[in-house]
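Contents: one structure, followed by commentary.
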Amino acid sequence: MIHLLPIALKSAWNRRYTLGLTLIAIALSVTLLLGIERLRQDARDSFADAVSGTDLVVGARSSPMQLLLYAVFHIGEASNNISWQSALALAAHPAVAWTIPISLGDSHHGFPVLGTTPAYFEHFLYGDKQPLRLAQGKPFSGQISGLFDAVLGAEVAARLGYQLGDRITLAHGMQEHEHEPGHAEHGDKPFTVVGILARTGTPVDRTVHIGLAAMEAIHLDWRGGAPIPGFAIPPEFVKKFDLTPKAVSAVLVGLKTRVAVFAMQRYVADYREEALLAVMPGVALSQLWELLAVAERALLAISALVLLVSFAGLVAVVLAGLGERRRELAILRSVGARPRDLFALLALEGGAVTLTGALLGTLLLTLSTAALGPWLEARYGLVLRLAAPTLNELQLLGWVIAVGTFASLLPGYRAYRLSLADGLTPRV
Amino acid sequence: MPQPLLDLQDVVFRWPGQAAACLDIANFQVAADEHVFIHGESGSGKSTLLNLIAGVLPPRQGRLVALGQALPALSAAARDRFRVDHIGLIFQQFNLIPYLSVLDNVLLPCRFSRRRRERAGDMKQAAATLLNHLGLGEDLWQRRATQLSVGQQQRVAAARALIGQPEIVIADEPTSALDAARQEAFLGLLRQECAAARAALLFVSHDQRLAEGFSRRVDMAEINRAATGGEEGSALDAALPHPRPLSRGERGGKT
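For the record, the sequence lines run as chains G and W. Using the working numbering, the first residue of the first sequence is number 1, and each one after it goes up by one. Using the working numbering, the first residue of the second sequence is number 1, and each one after it goes up by one.
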């Protein structure tokens, strides 16, 4: 077989343009396949990374999924708030180590505004139990002196170009655009950016954080989602009011020991004063991911189809070229190549093209990840990691090479048949 | 009489699925060093005969011994090996692989046959000698085969057929693409080199004028009993140069 190699190489070089195109087609499909696989994996990871270290998320009784979506991803609406008394009772429970009350509902240029306490910066963990880190500035104090201080998520700051000390005004509700009808601003009470968080790859990046008291303050002169006509409290006077929140959207709870989680969940479910619900974020997250698994599988199916099409292309190109190679194969046969040599010649070529295509595709993906990664992250919030191929990806690559080599057996078999049928004198 | 190089007795061949034989040879021998001119019109069965001798097709019946080896007894792979070890082939045209250089084309049999490699000694030297003898200067050796004229290409094919000193050289209408003057020159060179290599030459042509200078002349019409039967259909079928001539559908509905 080894004596065929130089001939195979020269023959391939002779057809380098057609083979080159096939190679590019395979490389691109491999890039697509691996890229989608990587995006899928990263999406799943960043999804699971959204919250960690929080044992329970407590909110008004609704569906666990809805509560999680709202409290962790800031998507959708809270069906109901929970009273401040309940939040205090949770915090006072002996099994509870810490609580982070959160209050949602306002927005800033489409980014959700989260009212919370300084405990958020201390206890909130994401990813692999990583704490939040400030890239610039400091967290808000929760004191009355720094009432209108805001801490921005990394993406908010990057997208809107905010620096420390900038003044921002919040919008009431979750309007995506400022020009929508019914848009109402808390324009009379601007906030000052005091801190910008480091990037986390979680919903925190897209969130504007303010104190609970500030949340209360900007709604002092509001009733039912609109400013009270003819009644406005200027910011310098809000401090005279009681700014203790009356209700919050949800409470993130950290326990002293994880063992207590089921007891605590029962305690919340049986809470007398109001109807509450406690969900374990890990469980709800995986349920939620199951829901998205259909889309995930659709992505995989698409990339598999793309790959299939490019293999069909490979087979078609090689088969089409076989007619014009018939003479070449007959000559090789007349000088001693056996039919199985010719079969090997074609299978070898197909296998080599597939292998090279697979390697080229992997390289292309790595290069484009390096080149486009920052842009993708900034523009679409898609985090692509630049890493060695995972076991899963290697397995996919293995399949690609196996299927490609197998696909090239078909032209090889045809060449074998032709060389037997043609004998020494092909009809060309 | 010493054992002939080639010995065919009562050799019959017919294509699978066909009733009539297209080749039926009672007796045909070739001695070593002999230069045989085989004359035959299209459809006389000469291509089939060459395919049989080259071991590409197995005969249906009969005795076919080449170099003391009964070819029908060999497997297809062994016949392939036999061919590359002992037989050099020259075709009417398209002998050369277009993307290989002249020298690489000549060396092809040595790539596939250890025997040819060993008999050639220094392969490059052997190729150089042959090419020089055939009037192909060193400036041509690294050119791609397609850059040569048809006459030059046929001489390259002759060099390839002769490298490693095979016992038999088979030439199937090698001169029909050449003009008359070049035919003469090519034939002269070919016979001269075969004599130098002590190879038997089987030269097939429809052009009787070329027979001069051969040690023997054989007419296909005389040795092939199937062709002399004169049945139009079988003669035509036999004329098709490849074993699977047409699919059934193409053959005008004949079953």
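Just so it is clear, CB atoms sit at the ideal spot from N, CA and C, and this is done for glycine as well.
Query                                                                                                                                              : Result
Determine the extent of the alpha helix (DSSP H) in which G/His123 is found, giving its start and end residues.                                    : 119-123
In the DSSP assignment, what residue or residues form a beta bridge with W/Asp24?                                                                  : W/Val12
Does the beta-carbon of W/Gly121 have 16 or more other beta-carbons within 10 angstroms, so that it is buried, or is it exposed?                   : exposed
When Cβ atoms are compared, which residues of the region 348-365 of chain G fall closer than 8 Å to chain W?                                       : none
With 8 Å set as the bound, which would you pick, yes or no: does the beta-carbon of W/Gly230 sit closer than that to a beta-carbon of chain G?     : Bear in mind that the predicted position of W/Gly230 carries a pLDDT of just 43, short of 50, making it too unreliable to give a figure here.
Note down the Cα distance separating G/Leu319 from G/Leu67, rounded to an integer number of angstroms.                                             : 58 Å
Ignore the nearest five residues each way along the sequence and tell me which others in W/Asn105's own chain have a CB closer than 7 Å to its CB. : Leu96, Ile97, Ala145, Val156, Arg160
What does a CB cutoff of less than 8 Å around G/Met65 pick up in its chain, not counting 5 residues either side in sequence?                       : Ala284, Gln287, Leu288, Leu291
Can you tell me which residues form a DSSP beta bridge with G/Arg223?                                                                              : G/Ala226
In chain order, which beta strand (DSSP E) runs of at least 3 residues are fully inside the region 162-214 of chain W?                             : 168-172, 200-205
Helix, strand or coil for W/Glu232, going by three-state DSSP, please let me know.                                                                 : Unreliable placement is indicated for W/Glu232, whose pLDDT of 39 sits below 50; no coordinate value is reported for it.
Decide if G/Ala217 is buried, meaning its Cβ has at least 16 other Cβ atoms within 10 Å, or exposed.                                               : buried
I want to see whether chain W comes within less than 8 Å of G/Val294, judged by CB atoms only; does it?                                            : no
Go through its chain and collect everything with a Cβ distance to G/Pro389's Cβ below 8 Å, but skip five positions before and after it.            : Leu34, Thr362, Leu397
What does W/Ala120 reach in chain G if we use C-beta pairs closer than 8 Å?                                                                        : Under the 8 Å cutoff, chain G gives no residues; its nearest Cβ is about 13 Å from W/Ala120.
Please name the residue in W/Phe13, W/Gly137, W/Pro16 whose C-alpha comes closest to that of W/Gln153.                                             : W/Gly137
Compute the distance between the beta-carbons of W/Ala167 and W/Ala199, then report whether it is under 8 Å.                                       : It should be pointed out that residue 167 of chain W corresponds to Glu in this sequence rather than to Ala. The answer is yes: Cβ separation under 8 Å.
Give me the DSSP bridge partner(s) of G/Trp98.                                                                                                     : G/Gly254
Taking all protein chains shown into account, decide if G/Ile228 is buried (16 or more other Cβ within 10 angstroms of its Cβ) or exposed.         : exposed
Have a look at G/Ala119 and G/Trp98 and give me their C-alpha separation to the nearest angstrom.                                                  : 8 Å
Closest to W/Ala113 by CA distance: which of W/Leu201, W/Phe91, W/Gln93, W/Ile87 is it?                                                            : The sequence as given places Ser at residue 113 of chain W; Ala does not occur at that position. Considering only alpha carbons, the answer is W/Ile87.
Assuming the contact rule is C-beta atoms closer than 8 Å, G/Ala407 and G/Phe311 should be a hit. Round their C-beta distance to whole Å, please.  : 5 Å
Once the 5 residues before and after G/Leu307 are set aside, which same chain residues still bring their CB inside 6 Å of it?                      : Ser29, Leu33
Starting from G/Glu328, find everything on chain W with Cβ-Cβ shorter than 7 Å and list it in chain order.                                         : Ile97
Could you tell me the distance, in whole angstroms, from the CA atom of G/Leu243 to the CA atom of G/Phe237?                                       : 12 Å
CB G/Val353 to CB G/Thr22, shorter than 8 Å?                                                                                                       : yes
Identify which residue in W/Ala226, W/Ser215, W/Ala196 has its Cα closest to the Cα of W/His35.                                                    : W/Ser215
My output table needs one value for G/Ser408: the three-state DSSP class, helix, strand or coil.                                                   : helix
What's the gap between the Cα of G/Pro281 and the Cα of G/Ser52?                                                                                   : 8 Å
Going by DSSP, what residue range makes up the beta strand (DSSP E) through G/Gly153?                                                              : That residue, G/Gly153, is in no beta strand (DSSP E); it is neither H nor E in DSSP.
Within 10 Å of its beta-carbon, does G/Glu274 have 16 or more other beta-carbons around it, so buried, or fewer, so exposed?                       : exposed
Less than 8 Å between CB atoms is the rule here; does G/Ala304 satisfy it with respect to chain W?                                                 : no
Please look up how many angstroms separate the CB atoms of W/Gln9 and W/Gly62, rounded, as I've assumed it's under 8 Å.                            : 6 Å
Which residue wins for smallest C-alpha separation from G/Leu367, given the options G/Ala27, G/Leu19, G/Thr18, G/Val335?                           : G/Ala27
Of all the CB atoms in chain G, is at least one closer than 8 Å to the CB of W/Val169?                                                             : no
Taking 8 Å as the CB-CB limit, is G/Arg338 close to chain W?                                                                                       : yes
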